[in-house]
Amino acid sequence: MMCLAAATMMPVQAATKVATYEQAQAKVNEEGYILFVYGDGWDKRAKEQMTALYNAPEIVKAAGNSVMMLVPLPEKLDDTRKAALEKTMGKLALPHVHSKHSFPAVVMYDKAGRIYSWISGPAMVYPEAARIARTISRRKAGLQKQQQLMAAADKTKGEERANLLLQACRVENLERPDRVQQLIKEADPEDKSGCLAALNFFNTTLGDKAADMSLTDILKAQDAAISNPLHTVQQKQNACAYAIGTIRRRAGAGGSDLIRQYATQMKQLDPTSVLGQSADIVMRDWTHGLQLVRGWSPGTLPIQGQPTELLGKLPISEAGTYKLHFKPTGGDKAIIARVALYDGDALISEDVRTTAIADNGQDHYYTLTASAKVNTPRIFITFNNAENDRNTYGKFFITKD
Numbered sequence: 001m002m003c004l005a006a007a008t009m010m011p012v013q014a015a016t017k018v019a020t021y022e023q024a025q026a027k028v029n030e031e032g033y034i035l036f037v038y039g040d041g042w043d044k045r046a047k048e049q050m051t052a053l054y055n056a057p058e059i060v061k062a063a064g065n066s067v068m069m070l071v072p073l074p075e076k077l078d079d080t081r082k083a084a085l086e087k088t089m090g091k092l093a094l095p096h097v098h099s100k101h102s103f104p105a106v107v108m109y110d111k112a113g114r115i116y117s118w119i120s121g122p123a124m125v126y127p128e129a130a131r132i133a134r135t136i137s138r139r140k141a142g143l144q145k146q147q148q149l150m151a152a153a154d155k156t157k158g159e160e161r162a163n164l165l166l167q168a169c170r171v172e173n174l175e176r177p178d179r180v181q182q183l184i185k186e187a188d189p190e191d192k193s194g195c196l197a198a199l200n201f202f203n204t205t206l207g208d209k210a211a212d213m214s215l216t217d218i219l220k221a222q223d224a225a226i227s228n229p230l231h232t233v234q235q236k237q238n239a240c241a242y243a244i245g246t247i248r249r250r251a252g253a254g255g256s257d258l259i260r261q262y263a264t265q266m267k268q269l270d271p272t273s274v275l276g277q278s279a280d281i282v283m284r285d286w287t288h289g290l291q292l293v294r295g296w297s298p299g300t301l302p303i304q305g306q307p308t309e310l311l312g313k314l315p316i317s318e319a320g321t322y323k324l325h326f327k328p329t330g331g332d333k334a335i336i337a338r339v340a341l342y343d344g345d346a347l348i349s350e351d352v353r354t355t356a357i358a359d360n361g362q363d364h365y366y367t368l369t370a371s372a373k374v375n376t377p378r379i380f381i382t383f384n385n386a387e388n389d390r391n392t393y394g395k396f397f398i399t400k401d
């Protein structure tokens, strides 16, 4: 108890402020460096904001035992300014020019000088000290978690080591550890764990092969990627977006139902992300589908074998027999495999037979029977035209016997 009491009475270490990298070397520890970088001579407002953050008690407390530096970044580096910046930064490098960063920024480094996170962009437009302090605290906790995962990985080998290394790459808002791809490859040369593939996955596993694949096979691959437990939410959303784009290119509005399915998945994965928010736009602009008043065309023809709802105000209500007429107006044959009538989600009637409908003046229709009043009529049509056989046009009519 006495030891515990003594420990609680010990002073809490605070961040150390220095002016240069050289000064930092006597103070740096496992918590690394935090640099407050602003535009010098070209962003007066940022200089004021970053100086205020650098001196804010909340920020100093959140920085913990890190070494803090306030870094002015000139717009143009002549020899004098370049030398001054090099003296300040030492061996610490700024984020790569192709990374998603901007200035002003809070740049966070581990003890070895690796950038593990940074705070920039929208977060720095109105950088309220308490909010930035909370972000710093979370990022520092993330670094500790990442370091623990790397330490655990060092004690294992094979697929278990590969999995721990992958987890270290997945700490939210943190950069990957150095050389982690090579480390995973060395631990699991044949990638039996799938960790290396998961690390490198962006939106598909197919690459150039997709050009020679059917849409059905492409979507099977995307479904596997979306359900892969090693993939992050962002990766799964990217896979959804790839599927949506492919459907749109291959089937146009004819793939509306499938586009809607993948857009819904994309939103459900993370409604607040950019892709999650774009799902509503996709569904608004790309899912017009089949419409009673417009008929069908190559751009709206559903994907082969995909039951697709006929949108519009359907003249179906009272009990009786209804006919859905297909009148070709050009192009090649439309192949119909099934027409089904629903009341809401309940199937009422269906006419299942495959008919190749040509523009020959004949009346081609499918028959649907309602034994009672239909409160919410819905018709689903299944076309059977192959992916390379979509040049067909026509109109719909509904009559009641």
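Numbering-wise, this note's numbering puts 225 at position 225 of the sequence shown, and it's gapless, one number per residue. Ideal placement from N, C-alpha and C gives every residue a C-beta, glycine not left out.
Next on the checklist: Does the stretch 324–339 come into contact with the stretch 391–400, if we say contact requires no fewer than three beta-carbon pairs (one atom in each stretch) closer than 8 Å?
Outcome noted: yes
Checklist entry - Under the rule that 16 or more other beta-carbon atoms within 10 Å means buried, what is residue 126, buried or exposed? => result exposed
Checklist entry - Roughly how many angstroms separate the alpha carbons of residue 390 and residue 307, rounded to a whole number? => result 16 Å
Checklist entry - How big is the Cα-Cα spacing for residue 66 and residue 239? => result 39 Å
Checklist entry - Cβ atoms of residue 152 and residue 187: under 8 Å apart, would you say? => result no
Checklist entry - When the Cβ atoms of the stretch 354–371 are set against those of the stretch 329–346, are three or more pairs found closer than 8 Å? => result yes
Checklist entry - From 157, 150, 173, pick the residue whose C-alpha is nearest to that of residue 180; which is it? => result 150
Item to check | 8 Å Cβ shell around residue 1 - same chain, five flanking residues per side excluded | outcome: Confidence is the limiting factor: at residue 1 the pLDDT is only 39, short of 50, which leaves the residue's position unreliable, though a coordinate-based value still follows. Same-chain partners within the cutoff: there are none.
Next on the checklist: Contact defined as beta carbons within less than 8 Å: I believe residue 113 pairs with residue 92. What is the distance between those atoms, to the nearest angstrom?
Outcome noted: 5 Å
Item to check | Distance between beta carbons of residue 185 and residue 196, contact taken as under 8 Å | outcome: 6 Å
Next on the checklist: Give me the DSSP bridge partner(s) of residue 99.
Outcome noted: In DSSP, residue 99 forms no bridge with anything.
Item to check | Rounded straight-line distance, which links the Cα of residue 218 to that of residue 317 | outcome: 40 Å
Item to check | Residue interval of the alpha helix (DSSP H) (run including residue 226) | outcome: 215–227
Next on the checklist: Quick test of the definition: if touching needs 3 or more C-beta pairs under 8 Å, does the stretch 284–301 touch the stretch 341–350?
Outcome noted: no
Item to check | For residue 272, the first and last residue of its enclosing beta strand (DSSP E) | outcome: Taken as a continuous stretch (DSSP letters only), residue 272 belongs to no beta strand (DSSP E), as it is neither H nor E.
Next on the checklist: Closest to residue 73 by C-alpha separation, out of 62, 86, 270, would be which residue?
Outcome noted: 86
Item to check | Inter-residue Cα distance where the pair is residue 286 and residue 329 | outcome: 24 Å
Checklist entry - Looking at C-beta atoms only, is the number of pairs between the stretch 48–58 and the stretch 73–82 that lie closer than 8 Å three or more? => result no
Checklist entry - Apart from the five residues on each side of it in sequence, which residues of its chain come closer than 7 Å, Cβ to Cβ, to residue 231? => result 198, 201, 225
Next on the checklist: If I follow the unbroken beta strand (DSSP E) through residue 117, where does it start and stop?
Outcome noted: 115–119
Checklist entry - For the stretch 117–182, which segments carrying the alpha helix (DSSP H) assignment without a break, of at least 4 residues, lie completely within its bounds, in sequence order? => result 129–154, 158–169
Item to check | 8 Å contact criterion, which residue 140 and residue 22 should meet: CB distance rounded | outcome: With a Cβ gap of about 24 Å, residue 140 and residue 22 do not count as contacting.
Next on the checklist: Could you check whether residue 300 and residue 358 sit closer than 8 Å to each other, using their CB atoms as the reference points?
Outcome noted: no
Checklist entry - Quick one: what's got a C-beta closer than 6 Å to residue 352's C-beta in the same chain, skipping five residues either side? => result 338
Checklist entry - I think residue 103 touches residue 120, with their Cβ atoms under 8 Å apart; what is that distance to the nearest whole Å? => result 7 Å
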